[in-house]
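The structure appears right after this line, and notes come after that.
Number of protein chains: 2
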Amino acid sequence: MAKKKTNKKVTKKTTKKKATRKVGSAVDKKRDDLTKKKIESLATSIVTRSLSQKEPTFEIPTRSISNMKYNKKKRILEMGPNTQTRSLFNLGQSRKFMQSLLLAKGCRDLIDAEKTLSLRGMYYMGLHTIPGTKEKTFNDQGESDGILEDLEVSLDGLREELHVFAKKRGTMVGNITVVDNGDEINCRQMGSGGYAIPSICEPNVMQFKKCEADFILHVEKDTVWSRFNEDRFWEKHNCILTEGSGQPPRGVRRMLHRMHKELKLPVYCLLDCDPWGHYIYSVIKQGSINLAFESERMAIPDAKFLGIRSKDYDRLDLSDDVKIELNDRDITRAKQIAAYPWFEGKREWQREIKTMLNNGFKMEVESLITKDISYVTEEYVPARLKEGDFLD
Amino acid sequence: MAKKKTNKKVTKKTTKKKATRKVGSAVDKKRDDLTKKKIESLATSIVTRSLSQKEPTFEIPTRSISNMKYNKKKRILEMGPNTQTRSLFNLGQSRKFMQSLLLAKGCRDLIDAEKTLSLRGMYYMGLHTIPGTKEKTFNDQGESDGILEDLEVSLDGLREELHVFAKKRGTMVGNITVVDNGDEINCRQMGSGGYAIPSICEPNVMQFKKCEADFILHVEKDTVWSRFNEDRFWEKHNCILTEGSGQPPRGVRRMLHRMHKELKLPVYCLLDCDPWGHYIYSVIKQGSINLAFESERMAIPDAKFLGIRSKDYDRLDLSDDVKIELNDRDITRAKQIAAYPWFEGKREWQREIKTMLNNGFKMEVESLITKDISYVTEEYVPARLKEGDFLD
Chain A
30 MAKKKTNKKV
40 TKKTTKKKAT
50 RKVGSAVDKK
60 RDDLTKKKIE
70 SLATSIVTRS
80 LSQKEPTFEI
90 PTRSISNMKY
100 NKKKRILEMG
110 PNTQTRSLFN
120 LGQSRKFMQS
130 LLLAKGCRDL
140 IDAEKTLSLR
150 GMYYMGLHTI
160 PGTKEKTFND
170 QGESDGILED
180 LEVSLDGLRE
190 ELHVFAKKRG
200 TMVGNITVVD
210 NGDEINCRQM
220 GSGGYAIPSI
230 CEPNVMQFKK
240 CEADFILHVE
250 KDTVWSRFNE
260 DRFWEKHNCI
270 LTEGSGQPPR
280 GVRRMLHRMH
290 KELKLPVYCL
300 LDCDPWGHYI
310 YSVIKQGSIN
320 LAFESERMAI
330 PDAKFLGIRS
340 KDYDRLDLSD
350 DVKIELNDRD
360 ITRAKQIAAY
370 PWFEGKREWQ
380 REIKTMLNNG
390 FKMEVESLIT
400 KDISYVTEEY
410 VPARLKEGDF
420 LD
Chain B
30 MAKKKTNKKV
40 TKKTTKKKAT
50 RKVGSAVDKK
60 RDDLTKKKIE
70 SLATSIVTRS
80 LSQKEPTFEI
90 PTRSISNMKY
100 NKKKRILEMG
110 PNTQTRSLFN
120 LGQSRKFMQS
130 LLLAKGCRDL
140 IDAEKTLSLR
150 GMYYMGLHTI
160 PGTKEKTFND
170 QGESDGILED
180 LEVSLDGLRE
190 ELHVFAKKRG
200 TMVGNITVVD
210 NGDEINCRQM
220 GSGGYAIPSI
230 CEPNVMQFKK
240 CEADFILHVE
250 KDTVWSRFNE
260 DRFWEKHNCI
270 LTEGSGQPPR
280 GVRRMLHRMH
290 KELKLPVYCL
300 LDCDPWGHYI
310 YSVIKQGSIN
320 LAFESERMAI
330 PDAKFLGIRS
340 KDYDRLDLSD
350 DVKIELNDRD
360 ITRAKQIAAY
370 PWFEGKREWQ
380 REIKTMLNNG
390 FKMEVESLIT
400 KDISYVTEEY
410 VPARLKEGDF
420 LD
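Quick note, the sequences are listed as chains A and B, same order. This note's numbering applies: residue 30 is where the first sequence begins, and numbers increase by one. This note's numbering applies: residue 30 is where the second sequence begins, and numbers increase by one.
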């Protein structure tokens, strides 16, 4: 476990940089070619069917909850084997058929142009009025977002491999140097602001360089992160400090996953003691129910839940002021989460959620301020790390 | 105006760093002492009144819209001279009286501890149950946020000077090096993620070092920012590229203000053609109506609105797909904004809003993707910069 180390003196390495850099220098040709081939083979199969007088169709894996399963061995959520047919001549499917091919073409164009685009951008890219009609290819971004998820699963490629990115959120500091799009970023010298974790953290864009850290501390909110950064927790405890502004976006999850896998760093999560905090943990650990197909490259089954724990109210002798009453929605959510297959068999998690329900209140990380401004950085987290008292 | 320059070769400077750094090394002793004195003189005056058998009261400037005025000469929103008395013995005011002194004490403690805290943190810091009662000092964070604003105006100190910070959002890249809490941050080498602009950008934490940039391009959304960063716009056009994830938070506004004032950089805003985009511009330029007392150190009266313009639909020969119909709320908001004193006398802004209302639709920056993925970075913004066609 994370031992306290003497702070190492870190000197910035002088790196000779190329005077100019080509746009798209971080493009992974090999991976891009593979993704393009997948898109083209989808198109080819449809053309072949059409030319042989068969109905133009293609199969996509079913993204409904009924087709998700928890892989107990891998300890991640996975998609089941069910697929559904999308057919041009089926009135209920023809619109989605058209949209899928439109966006598949859009992704191929992006790959060719060596550029990336936001989900909103993809919506506009595919948007046009069908000639001779007043019908638009997409009514709103919700439609194109769903189709992009279909494409991800059909092509078995992460959204990032299709050159599409989600909103950027989350920051990082700590004892690591990363190379992002050719720039060396020393996360030990990122001031009070930090390094903004990009939307796309794939190996072609992001490489890891020097890293002395023993572990990663992931906190839920940027305000808590600021407290830890101001107290230089990462320096004192030799770690990497990340935050995802609530439910961490894909970029942050992918970053955590890669640092965990490639650098063998344990991940400890400091989240609120409420169903939302438990759900965030569940997504980081097992994957998201909506996007189970990406778990393999996103989930961190070994992640640990460091706190806040429902027993903290008694254990830390907290005042009543930290209590936030559970509402009906919280109670329903807590019961749903307790029934998740990956929490179901875990006695400690069952006890955790039960205690919270019995308490009748939730608690936020910030509530520890009622003890002392820096109680969370100087007492709470160090004590948990020392004890090794985590939920798994 | 921003001329195209040859890209300069930038080499990272090797900086010797201190091996260890004291927590709070970025504390501005002089400023902190001044703020503490203000807090203490508030307390002293109350004690003095009490000891001389007078009712404990203090005056705070009125924060209502009726006490805001637009200073035509300075071109910013300012607070008027009206104040209101807060008295301990007035049943309707005693709670707020107590809360004000509680949070003032909290701020002094923060200054003494050389630490900063989030708004949420301040709420917890001041929260307790009044002995012998079941009454809490604060019912929710909304109460403490309001009191903190009262304190800001009463003490004539920015929230940041009281060591309190708001949520962090927004990122930056470009031809500038800043020093943040002692760390040298080269914004030319921030990869695809960028430098996360801190919540507190006061001179004690943030200093500017080398800057070759000719101007600042501020865009509304992180996804648009990513497009500009990926196309290395800031390198090609020698500028600084910022985004504020919608309405820019205080940190971003203060950063823009300081770079504009201290580095003499013009600020161009690329925002949506809708009332929300116009309002964002209004806040960046003249200050926010709710927090007019901070305009002097936040507002940028010389900021320019680069686009999207309502005439772009015709000028750029855009397709109907870019149109998003104005709803009733948009129309009401647009009329309100047109009536703002700082837009009222401006013929160009009146025409802009009128054209949008006549069009009956709004347009987003992302909609330019319907022309080409990089149309906005390669054609649209360069053309506007060349023409100098901005709204003021």
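Positions of the beta carbon are idealized from the N, C-alpha and C atoms, including for glycine.
Alpha-carbon to alpha-carbon, residue j and residue i
i: R50 (chain B); j: Q218 (chain A); result: Residue placement at R50 (chain B) cannot be trusted, given a pLDDT of 36 that sits under 50; the coordinates are not used to answer.
i: T158 (chain B); j: K352 (chain A); result: 12 Å
i: R104 (chain B); j: G220 (chain B); result: 37 Å
i: E172 (chain A); j: F194 (chain A); result: 16 Å
i: L386 (chain A); j: D421 (chain A); result: 19 Å
i: A412 (chain A); j: L300 (chain B); result: 47 Å
i: N388 (chain B); j: E164 (chain A); result: 20 Å
i: A367 (chain B); j: G316 (chain B); result: 16 Å
i: R261 (chain B); j: V248 (chain B); result: 14 Å
i: E429 (chain B); j: G150 (chain A); result: It is not possible to answer for residue 429 (chain B), since the shown part of chain B is limited to 30 through 421.
i: C298 (chain B); j: T361 (chain B); result: 23 Å
i: V296 (chain B); j: D331 (chain B); result: 8 Å
i: N119 (chain A); j: P90 (chain A); result: 18 Å
i: T162 (chain B); j: E393 (chain A); result: 24 Å
i: R93 (chain B); j: N111 (chain B); result: Inspection of the sequence shows that residue 93 (chain B) is occupied by Ser rather than by Arg. Distance between the alpha carbons of S93 (chain B) and N111 (chain B): 10 Å.
i: K383 (chain A); j: R376 (chain A); result: 10 Å
i: I68 (chain B); j: S183 (chain B); result: 9 Å
i: Y369 (chain A); j: D418 (chain A); result: 22 Å
i: K340 (chain B); j: E381 (chain B); result: 8 Å
i: C240 (chain A); j: V208 (chain A); result: 12 Å
i: F167 (chain A); j: G121 (chain A); result: 15 Å
Within chain A, partners of residue i - CB distance below 9 Å
i: M392 (chain B); result: By Cβ distance, chain A contributes nothing, its closest Cβ being about 10 Å from M392 (chain B), past 9 Å.
i: P227 (chain B); result: G220, S221, G222, G223, S255
i: T399 (chain B); result: Y153, M154, L156, H157
i: V20 (chain B); result: A question about residue 20 (chain B) goes unanswered here, because the residues of chain B that appear run from 30 up to 421.
i: S311 (chain B); result: Those within 9 Å of S311 (chain B) in chain A number zero; the least Cβ separation is about 24 Å.
Cross-chain neighbours of residue i in chain A, by beta carbon under 8 Å
i: T196 (chain B); result: Going by the sequence as given, residue 196 (chain B) is Lys instead of Thr. In chain order: D251, T252.
i: Q218 (chain B); result: K46, D212, E213, I214
i: D209 (chain B); result: M219, G220, S221, G222
Coil, strand or helix - residue i by DSSP
i: R261 (chain A); result: coil
i: T64 (chain B); result: helix
i: D421 (chain A); result: coil
i: R104 (chain B); result: coil
i: Y153 (chain A); result: helix
i: H286 (chain A); result: helix
i: C136 (chain A); result: helix
i: K250 (chain A); result: coil
i: E213 (chain A); result: strand
i: M219 (chain A); result: coil
i: R198 (chain A); result: coil
i: P370 (chain A); result: helix
i: V207 (chain B); result: strand
i: F87 (chain B); result: strand
i: I337 (chain A); result: coil
i: I176 (chain B); result: helix
i: K352 (chain B); result: coil
i: A225 (chain B); result: strand
i: V405 (chain A); result: helix
i: Q113 (chain A); result: strand
i: V193 (chain A); result: strand
Chain B contact residues for residue i, given Cβ-Cβ distances below 7 Å
i: Y409 (chain A); result: The premise fails here: Y409 (chain A) is roughly 14 Å from chain B at the closest Cβ pair, so nothing lies under 7 Å.
i: T200 (chain A); result: A225
7 Å Cβ cut-off: residues of chain A touching residue i
i: S396 (chain B); result: Y153
i: S173 (chain B); result: The premise fails here: S173 (chain B) is roughly 12 Å from chain A at the closest Cβ pair, so nothing lies under 7 Å.
Partner residues on chain B for residue i, Cβ-Cβ distance less than 8 Å
i: E178 (chain A); result: In chain order: nothing, as chain B lies at least about 18 Å away.
Could you run through the region 121–145 of chain A and flag, in chain order, every residue whose CB is less than 9 Å away from some CB of chain B? Under the 9 Å Cβ criterion, the region 121–145 of chain A contributes D138, L139, A142, K144, T145.
Taking any Cβ of chain A, which residues in the region 328–360 of chain B have a Cβ under 7 Å from it, in chain order? Taking 7 Å as the Cβ-Cβ cut-off, the region 328–360 of chain B approaches chain A at S348, D349, D350, given in chain order.
Anything in the region 265–295 of chain A with a Cβ closer than 7 Å to a Cβ of chain B? List those residues in chain order, please. Correct list: empty, as no residue qualifies.
Give the residues from the region 145–169 of chain B that approach chain A closer than 7 Å (Cβ to any Cβ), ordered along the chain. Result list: T145, L146, S147, R149, G150, Y153, M154, L156, H157, T158, K165.
Mind listing which residues of the region 59–85 of chain B have their C-beta closer than 9 Å to chain A's C-betas, in chain order? Those residues of the region 59–85 of chain B placed with their C-beta closer than 9 Å to a C-beta in chain A do not exist.
Does the region 317–334 of chain B come close enough to the region 256–270 of chain B that 3 or more CB-CB pairs lie under 8 Å? No: fewer than three Cβ pairs fall under 8 Å.
Just checking, does the region 272–280 of chain A make contact with the region 227–239 of chain A on the three C-beta pairs under 8 Å criterion? In short, these stretches touch, since the Cβ pair count reaches three.
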